[in-house]
Amino acid sequence: MGNVFTSNLGYPRIGANREWKKTLEAFWAGDVKEEDFLQTMKEIRLGNLRTQVEKGVDLIPVGDFTFYDHVLDMATTFGWVPDRYKHEDGKISLATYFAMARGNKDAVASEMTKWFNTNYHYIVPEYEKGKVYTVTENKALLAYREAKQELGINGKPVIVGPYTFVSLAKGYKEEEFATVLEEVVPLYIQLLQELVAEGVEWVQVDEPSLVCSFSPEHVELVKDVYKRISETVPNIKVLLQTYFDSVEYYEEIVSLPVAGIGLDFVHGKEENVNALKKYGFPKEKVLAVGVIDGRNIWRANIHGVLGLVEEIQGLVEPKAVIIQPSSSLLHVPVQKQNENRLNKDVFNALAFAEEKLAEVTLVKDALLYGKEKQADVLNEGKEALETLIQSATIASVQDAIANVKEADFARALSFEKRFELQRDFFKLPLLPTTTIGSFPQTKEVRYARQQWRKGEWSQEKYDLFVEEETKRWIDIQEELDLDVLVHGEFERTDMVEYFGEKLAGFTFTQFAWVQSYGSRCVKPPIIYGDVDFIVPMTVKESKYAQSLTTRPVKGMLTGPVTILNWSFVRSDISRQEVTYQIALALRKEIEALEEAGIRMIQVDEPALREGLPLKVGNWDHYLTWAVNAFKLSTSSVAPETQIHTHMCYSNFDDIIDAIEALDADVISIEASRSHGEFIHSLKERPYVKGLGLGVYDIHSPRVPAIEEMKAVIDDALEVCHPTKFWVNPDCGLKTRKEEETVASLRRMVEAAKNARKVV
Ligand code: GLN
Ligand code: ZN
933 MGNVFTSNLG YPRIGANREW KKTLEAFWAG DVKEEDFLQT MKEIRLGNLR TQVEKGVDLI
993 PVGDFTFYDH VLDMATTFGW VPDRYKHEDG KISLATYFAM ARGNKDAVAS EMTKWFNTNY
1053 HYIVPEYEKG KVYTVTENKA LLAYREAKQE LGINGKPVIV GPYTFVSLAK GYKEEEFATV
1113 LEEVVPLYIQ LLQELVAEGV EWVQVDEPSL VCSFSPEHVE LVKDVYKRIS ETVPNIKVLL
1173 QTYFDSVEYY EEIVSLPVAG IGLDFVHGKE ENVNALKKYG FPKEKVLAVG VIDGRNIWRA
1233 NIHGVLGLVE EIQGLVEPKA VIIQPSSSLL HVPVQKQNEN RLNKDVFNAL AFAEEKLAEV
1293 TLVKDALLYG KEKQADVLNE GKEALETLIQ SATIASVQDA IANVKEADFA RALSFEKRFE
1353 LQRDFFKLPL LPTTTIGSFP QTKEVRYARQ QWRKGEWSQE KYDLFVEEET KRWIDIQEEL
1413 DLDVLVHGEF ERTDMVEYFG EKLAGFTFTQ FAWVQSYGSR CVKPPIIYGD VDFIVPMTVK
1473 ESKYAQSLTT RPVKGMLTGP VTILNWSFVR SDISRQEVTY QIALALRKEI EALEEAGIRM
1533 IQVDEPALRE GLPLKVGNWD HYLTWAVNAF KLSTSSVAPE TQIHTHMCYS NFDDIIDAIE
1593 ALDADVISIE ASRSHGEFIH SLKERPYVKG LGLGVYDIHS PRVPAIEEMK AVIDDALEVC
1653 HPTKFWVNPD CGLKTRKEEE TVASLRRMVE AAKNARKVV
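What follows is the structure, given as structure tokens:
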């Protein structure tokens, strides 16, 4: 291989037609035998490899493919299986593997949380002190062997590095970090030794945790780990890969005894370039430059990229330069070629995984053979982006943003005053019960929507169906004796897509799915231009639901920050500006709901936290505008109108000030899957506004016992005032079956009633 070559960090697993998801779900449902499941998965895996060969990738990742999650793969590779799964010794069975991911009838699933600042979720490895861990099965090795045997590819195994693996794990105290790391290092060494013995040349060791803020003591640990690896496995070429931001402690990290360093020159570009300027780069190492954005879907300005690579080459003289995407392509859709319904300007400006790999190759070729050869092709991306932006600007939106005033961000009365007014207005019982918004999206619901989208069902027929489903669930909720009802979100496939479809500035693809967690894929909307309110989005459904009952029905919207964070966003203006545009559009929707008699309105912001920058130093800036965006959308309502918000699956203790600053009257938060950690943090830092801690995990089909939920309520009441505490599930129920939903909610209401008797 020459002095410049191409590589990829990871490829989407899901397949261009989500065949991966379908196979998984069929297997879980028992419709596919294990043997056939394994065979289909293999075909998908090999297909992905073939595509990467075709696109000109020199160094092809293997082992990045998974049956659920790559972090879970590392955990099971090392036998990190919590005792509650009562697993067998040695190789971990598929049943155990999926039990860790999804729970089973005897044991709850492992915690799941966001992968850095992305919308991908990984299974949190659980450390259990005193257990002896061993390598159960070297998955990276198997993947390497398969690629070699089947396709003759000399792949680059990808593993999650030791520092990142331990950083992402739980079950130990901060001061035990070094001990846990110490325990996994021999396992990594064994794994790498086996790879060398197999003939592996390069291995990509992902250490994205090295871009987050961490202490100087940890730098010493990292140094020690890589020193030991290089001493015991000298013949493997470790490509230490960082991404999502600039690396912290650059000088130390690039001096580690590894063969190559991968840096992100898209996210954290300036800092990484500055570090190269200031500290240089070791001549004996390979520098992998992430120059094609692995996180967005826009074509690259290839001239800009070439300029950047040339600048880097002018600053430092590494042994070789690897051109690659900035991160794994896991975060982008597979291919754009079948998107035949998109507006031409949008289509032309897009690049998904396949197209990005072609760009990577284009960059390499231009570097090796000169820019003149393909001068036109090199200009195309930039021109396509400029054309798109020009066609998607809306003057009135620009004006509205320019005229936003301080007062637009604040409600008229303080929380305390609103609390009293709302108490008298709604007259709810203590510990009111509610749900988070969605009810099961059954086969029938999905079928109806499909028929309607295909034009087989008329608008009237579809509307009638949604109404009937809504009515059926209003009745169920009344029968269950829930206090605050929801309409059930039957008209929505997805909480962001639904809104995007009704706002200006958004567009939708047919196939651009990306994995969110496990088999769950999302098809993020694309914000390609200025965002504007066109028509009311939720008024009809909420109003109808409210007409059926005397109990309050909560309106249900997705918040501006979540819409932003779960969309692919234009890259020519700041994220803050895009979010304010969305906020102004939602403000109109909220006003319309209130006008229609909906006096409780929930504005979901589950993705508030995931937008946090990886470096703590950048948090304030983000949180300030994110909180402001929420307030900009919610603060124009009357004091009696109760604003709810909802967030899920994350640690909130470190942003609790920001959460309170949202000034929502009630927030519902996940608390059952992180096993009460949040409750604990509230002891130190009480929360004074309305709060509903999820009392059961909705990501599992398990119907929890009344006592279990009562225990969460009791714990919560130690830190929350009973007049401000709400009882609800963790999250929306759309992925659950009707039967288990009704059973669980029945017990939840019972648990709340039991708790009421004693407060
Ligand atoms: N209201 C949404 C629902 O119930 C919230 C989903 C979420 O928080 N992710 O589905
Ligand atoms: Zn949620």
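Residue numbers (the numbering used here): 933 to 1691.
We put the CB at the ideal spot given by N, CA and C, even for glycine.
So for Val-1190, helix, strand or coil by DSSP?
Of the three classes helix, strand and coil, the one that applies to Val-1190 here is coil, per DSSP.
Taking C-alpha atoms, which residue in Leu-1127, Pro-1265, Val-1336, Asn-1550 lies nearest to Asn-1167?
Of the listed residues, the one whose Cα sits closest to Asn-1167 is Leu-1127.
I need the boundaries of the beta strand (DSSP E) containing Ser-1600, first residue and last residue.
Segment 1598 to 1601, the beta strand (DSSP E) holding Ser-1600.
CA-to-CA distance, Ala-1290 to His-1002, given in whole angstroms
The straight-line gap separating the alpha-carbon atoms of His-1002 and Ala-1290 is approximately 25 Å.
Counted within 10 angstroms of its Cβ, other Cβ atoms place Gly-1302 as buried (16 or more) or exposed:
The residue in question, Gly-1302, is exposed, as its Cβ has fewer than 16 Cβ neighbours within 10 Å.
Outcome for Asp-1015 when other beta-carbon atoms lying within 10 angstroms are tallied against a minimum of 16
With fewer than 16 Cβ atoms within 10 Å of its Cβ, Asp-1015 is classed as exposed.
Outcome for Pro-1361 when other beta-carbon atoms lying within 10 angstroms are tallied against a minimum of 16:
It counts as exposed.
Determine, using beta carbons only, whether Asp-1597 and Ile-1575 come nearer to each other than 9 Å.
In contact: Asp-1597 and Ile-1575 (Cβ atoms closer than 9 Å).
Apart from the five residues just before and just after Asn-873, which ones in its own chain have a Cβ nearer than 7 Å to its Cβ?
Residue numbering for the chain in the displayed model covers 933 to 1691; residue 873 lies beyond these limits and cannot be assessed.
Using 8 Å as the cut-off, classify the Cβ of Ser-1499 as near or not near the heavy atoms of ligand 1, replying yes or no.
Ser-1499 Cβ: outside cutoff for every heavy atom of ligand 1.
Sort Leu-1238, Tyr-1181, Val-1535 by Cα distance to Ala-1307 and report the nearest one.
It is Leu-1238.
Own chain partners of Met-1469 with C-beta closer than 7 Å, once the 5 adjacent residues on each side are dropped
For Met-1469, where only same-chain residues beyond five positions count, the Cβ hits under 7 Å are Phe-1431, Lys-1434, Glu-1521.
With DSSP as the reference, identify every bridge partner of Met-1469, one or two as the case may be.
According to DSSP, which records beta bridges pairwise, Met-1469 is partnered with nothing at all.
Using beta-carbon positions only, say whether Leu-1090 and Phe-1010 come within less than 9 Å of one another.
Position check: residue 1090 holds Val in this sequence, whereas Leu was assumed. No, these two residues do not count as a Cβ contact at 9 Å.
Exposed or buried, which one is Tyr-1379 when buried takes at least 16 other CB atoms within 10 Å?
Burial state of Tyr-1379 is exposed, judged by a 10 Å Cβ sphere holding fewer than 16 other Cβ atoms.
Give every residue of the same chain whose Cβ lies closer than 8 Å to the Cβ of Arg-1679, excluding the five residues on either side of it in the sequence, and list them in chain order.
Residues Val-1635, Pro-1636, Ala-1637, Ile-1638, Met-1641 of the same chain have their beta carbon placed closer than 8 Å to that of Arg-1679, with the five preceding and five following residues left out of the count.
Count the other C-beta atoms from every protein chain shown that fall within 10 angstroms of the C-beta of Tyr-943, then say buried if there are 16 or more, exposed otherwise.
When all chains shown are included, Tyr-943 counts as buried.
Within this structure, are the beta carbons of Glu-1318 and Gly-1369 separated by less than 9 Å?
The criterion of a C-beta distance shorter than 9 Å is not satisfied by Glu-1318 and Gly-1369.
Compute the Euclidean distance between the alpha carbons of Leu-1261 and Tyr-1054, then round it to the nearest angstrom.
Answer to the nearest angstrom: the Cα atoms are 16 Å apart.
Which residues DSSP lists as bridging Val-1559, in chain order:
For Val-1559, which the question treats as bridged, DSSP gives no partner whatsoever.
Hey, out of Ala-1643, Val-1651, Glu-1650, whose CA is closest to Lys-1685's CA?
Among Ala-1643, Val-1651, Glu-1650, the Cα nearest to that of Lys-1685 is on Ala-1643.
Which of the three DSSP states, helix, strand or coil, is assigned to Leu-1171?
Reduced to three states, the DSSP call for Leu-1171 is strand.
Around the C-beta of Glu-1602, are 16 or more other C-beta atoms found within 10 angstroms, so that it is buried, or is it exposed?
In this structure Glu-1602 is buried. Its beta-carbon is surrounded by 16 or more other beta-carbon atoms within 10 angstroms.
Mind checking Met-933: buried by the 16 CB within 10 Å criterion, or exposed?
Note on Met-933: pLDDT 42, under 50, position unreliable in the model; no value is reported.
Where Ser-1565 falls, given that 16 or more other Cβ within 10 Å makes a residue buried
Counting the other Cβ atoms within 10 Å of the Cβ of Ser-1565 gives 16 or more, which makes it buried.
I'd like the list of long-range same chain contacts for Val-1278, defined as Cβ closer than 8 Å, with 5 residues on each side in sequence excluded.
Only Leu-1320, Thr-1439, Ile-1458, Tyr-1460 meet the Cβ criterion.
Beta carbon nearer than 5 Å to a non-hydrogen atom of ligand 2:
The answer, residue by residue, is Pro-1538, Cys-1580, Cys-1663.
CB of Met-1469 to nearest heavy atom of ligand 1: below 8 Å?
Incorrect: Met-1469 has no Cβ contact closer than 8 Å to ligand 1.
Under 8 Å from any heavy atom of ligand 1, does the C-beta of Thr-1367 make it?
Because some heavy atom of ligand 1 lies under 8 Å away, the Cβ of Thr-1367 counts as near it: yes.
Just the C-alpha distance for Phe-1500 and Asp-1297, rounded to the nearest angstrom, thanks.
In this structure, the alpha-carbon of Phe-1500 lies about 28 Å from that of Asp-1297.
Given 8 Å as the limit, tell me if Met-1488 has its C-beta closer than that to any heavy atom belonging to ligand 1.
For ligand 1, at least one heavy atom lies less than 8 Å from the Cβ of Met-1488.
With a threshold of 16 other CB atoms inside 10 Å of the CB of Ile-1772, please say whether the residue is buried or exposed.
Missing from the structure shown is residue 1772; the chain here goes from 933 to 1691 and no further.
Would you kindly check if the distance between the Cβ of Ser-1474 and the Cβ of Ala-1528 is under 9 Å?
The Cβ atoms of Ala-1528 and Ser-1474 lie closer than 9 Å to each other.
Compare the C-alpha of Leu-1525 against each of Ala-1207, Tyr-1181, Ser-1568 and name the closest.
It is Ser-1568 whose Cα lies nearest to the Cα of Leu-1525.
Going by the beta-carbon positions, is the gap between Val-1221 and Leu-1240 smaller than 9 Å?
Yes, the pair counts as a contact, with Cβ atoms nearer than the cut-off.
Is it the case that the segment 1202 to 1222 contacts the segment 1249 to 1257, given that we only count it when at least three CB pairs across the two stretches are under 8 Å?
Segments in contact, yes.
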